[in-house]
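**Student:** Pasting a structure below so you can have a look.
Residue numbers (my numbering): 23 to 169.
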């Protein structure tokens, strides 16, 4: 297998699944269907020279016929960004409307939640087929529970 073929296969494994699905997120979630007023309060802090994760999680909305982004979390690392993205998606935000903007020495780069791996094939499968959610043992009580 050549390097370009390996690249194509890696893309299909990582991202191609999303475009092949009949829907992303919860059933009925539509692109640009989120109202600004329905979003949580932003948790924004300014970047300093010491800021490691120079990312901002935003949601793309349509207002008065124009597309805009609403910053919700900065700085945004993988753990806190993934948790917020999953919460937004479970509340009806389309995964492709979640934008992660990265400050790259003054140039902004934009990727959606699928590209950033904040919404994965496993997340979508767990949402669509709840019995695929693994069970965990509650260490204190010894009972199984679902997360």
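Beta carbons: idealized from backbone N, C-alpha and C, even for Gly.
(1) Does the pairing of the region 71–80 with the region 110–125 give three or more beta-carbon distances under 8 Å?
(2) Measure the Cβ-Cβ separation of residue 51 and residue 92 and say whether it is below 8 Å.
(3) On the three-state DSSP scale, how would you describe residue 69?
(4) Is it right to say residue 56 is buried, meaning 16 or more other beta carbons lie within 10 angstroms of its own, or is it exposed?
(5) Evaluate residue 74 with the Cβ neighbour count: other Cβ atoms within 10 Å of its Cβ, from every protein chain shown; 16 or more gives buried, anything less gives exposed.
(6) Within its chain, find whatever has a CB closer than 8 Å to the CB of residue 97; leave out the 5 residues flanking it on each side and keep chain order.
(7) Return yes when the Cβ of residue 37 is within less than 8 Å of the Cβ of residue 146, no when it is not.
**Tutor:** Considering the structure as presented:
(1) Segments in contact, yes.
(2) To locate residue 51, count along the chain shown from 1; it is residue 29. To locate residue 92, count along the chain shown from 1; it is residue 70. Contact: no.
(3) Working through the chain shown from its first residue, we reach residue 69 at position 47. Looking at residue 69 - three-state DSSP - the assignment turns out to be coil, as it is neither helix nor strand.
(4) In the chain shown, residue 56 corresponds to position 34, counting from 1. Buried, since its Cβ has 16 or more Cβ neighbours within 10 Å.
(5) Within the chain shown, residue 74 is the residue found at index 52, counting from 1. Using a 10 angstroms sphere on the CB of residue 74, the tally of other CB atoms stays under 16, which defines it as exposed.
(6) As a position in the chain shown, residue 97 is number 75, starting the count at 1. Closer than 8 Å at the Cβ level, and outside the excluded window around residue 97, lie 67, 69, 73, 74, 75, 76, 77, 78.
(7) Locating residue 146 in the chain shown gives position 124, where the first residue counts as 1. Locating residue 37 in the chain shown gives position 15, where the first residue counts as 1. Not closer than 8 Å, so no.
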